[in-house]
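Engineer: All residue numbers for the sequence shown refer to the working numbering, where the first residue is 217 and numbers rise by one. All residues carry an ideal CB built from backbone N, CA and C; glycine is no exception. Fair warning: this is a prediction, and the values are worked out from it, not measured in the lab. Take this structure first; my questions come after.
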Amino acid sequence: MLRERVTDAVREAITRGDLEPGRRLTERELVELTGVSRTSLREALRSLQAEGLVERSGPRGLRVAMLTAEVVNELYDVRAPLEAAAVELVVRNASDAQVADLRAVMMSADSGELDDELAATRRFYDLLLEAAGNSILQQMFGSIEARIHALRRVSLRIGGRAEVSRRELMEIIDLIAERDGPAAAAAARAHVLAAKAAALAALGRGPG
Numbered sequence: 217m218l219r220e221r222v223t224d225a226v227r228e229a230i231t232r233g234d235l236e237p238g239r240r241l242t243e244r245e246l247v248e249l250t251g252v253s254r255t256s257l258r259e260a261l262r263s264l265q266a267e268g269l270v271e272r273s274g275p276r277g278l279r280v281a282m283l284t285a286e287v288v289n290e291l292y293d294v295r296a297p298l299e300a301a302a303v304e305l306v307v308r309n310a311s312d313a314q315v316a317d318l319r320a321v322m323m324s325a326d327s328g329e330l331d332d333e334l335a336a337t338r339r340f341y342d343l344l345l346e347a348a349g350n351s352i353l354q355q356m357f358g359s360i361e362a363r364i365h366a367l368r369r370v371s372l373r374i375g376g377r378a379e380v381s382r383r384e385l386m387e388i389i390d391l392i393a394e395r396d397g398p399a400a401a402a403a404a405r406a407h408v409l410a411a412k413a414a415a416l417a418a419l420g421r422g423p424g
């Protein structure tokens, strides 16, 4: 469907950082980016507003949503229990092959390039949710994933955070492989709290 393709294109430009937080969005620029009519573009922007990726700026304008301390706190407070639940379901439902795939993705992430790290992390969560085997949880997590990914791009710029994040995810995978649900869920919550602290620090609003 055309509207969905346009929505995906603009969403991807935001999560890649091509359209940065606070950037004013003009129809002319976005028409050039997507190559579609203004009507389709307006429908897509309404969808992105509902997702929280785009917000009002002035009486008639739109901009890429700002990343504020309030937004970070709200998103990660929702993400923590969702991620812990996902990990517990993976422990219960995932095959050994699916666990091996999770490990392979994170082992491939050690290139030192931010875009590679982000792509691997995104793939990790796609596989994690697939292995959890719960469509409702996948839908709920998907509703915040685009904004989490935009924040991930900010937080992983903190010196050393990418390496620490990778180690945290590898620890979660080890605990999943051991089929230790409570420990894996606790590690997932700890990872989210660390990611939240890094995001706040990157915004200059939290501990460094």
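Residues in the same chain with beta-carbon distance under 7 Å from D332, minus the five sequence neighbours each way, listed in chain order, please.
Structural biologist: Same-chain partners within the cutoff: A325.
Engineer: Helix, strand or coil for L409 per DSSP?
Structural biologist: Three-state DSSP puts L409 in a helix.
Engineer: Closest by CA to A417, which one among V303, G358 and R373?
Structural biologist: Among V303, G358 and R373, the Cα nearest to that of A417 is on R373.
Engineer: What is the rounded straight-line gap between the Cα of I389 and the Cα of A400?
Structural biologist: When rounded, the distance between both Cα atoms is 8 Å.
Engineer: Who are S273's beta bridge partners in DSSP?
Structural biologist: DSSP output for S273 lists G277 as bridge partner(s).
Engineer: For a test of the three-state rule: what should DSSP assign to R239, helix, strand or coil?
Structural biologist: Reduced to three states, the DSSP call for R239 is coil.
Engineer: Which residue wins for smallest C-alpha separation from A410, given the options A320, L249 and E379?
Structural biologist: If we check each option's Cα against that of A410, E379 comes out closest.
Engineer: Comparing C-alpha positions only, which one of K412, E248 and V247 sits nearest to A366?
Structural biologist: When each option's Cα is compared against that of A366, the closest is K412.
Engineer: Quick one: any contact between the region 261-273 and the region 305-324, if contact means 3 or more CB pairs under 8 Å?
Structural biologist: Short answer: they don't touch.
Engineer: Less than 7 Å between C-beta atoms, sequence neighbours within five positions excluded: which residues of the same chain meet that for R369?
Structural biologist: The answer, listed in chain order, is G233 and L334.
Engineer: Which residue marks the beginning of the alpha helix (DSSP H) containing N309, and which one marks its end?
Structural biologist: Its alpha helix (DSSP H) spans residues A285 to N309.
Engineer: Measuring straight from C-alpha to C-alpha, what distance separates P275 and E248?
Structural biologist: Cα-Cα distance, rounded: 24 Å.
Engineer: What are the boundary residues of the alpha helix (DSSP H) that includes V321?
Structural biologist: Here the alpha helix (DSSP H) through V321 covers D312 to M323.
Engineer: Could you check what DSSP says for G382 in three-state terms: helix, strand or coil?
Structural biologist: Note that residue 382 is Arg in the sequence shown, not Gly. If DSSP states are grouped into helix, strand and coil, R382 belongs with the helices.
Engineer: Look at the alpha carbon of I250 and the alpha carbon of I364, and state the distance between them as a whole number of angstroms.
Structural biologist: Residue 250 is actually Thr in this sequence, not Ile. Near 23 Å, if we compare the C-alpha coordinates of I364 and T250.
Engineer: What did DSSP end up calling L419 once you bin it into helix, strand or coil?
Structural biologist: L419 falls in the coil class under three-state DSSP.
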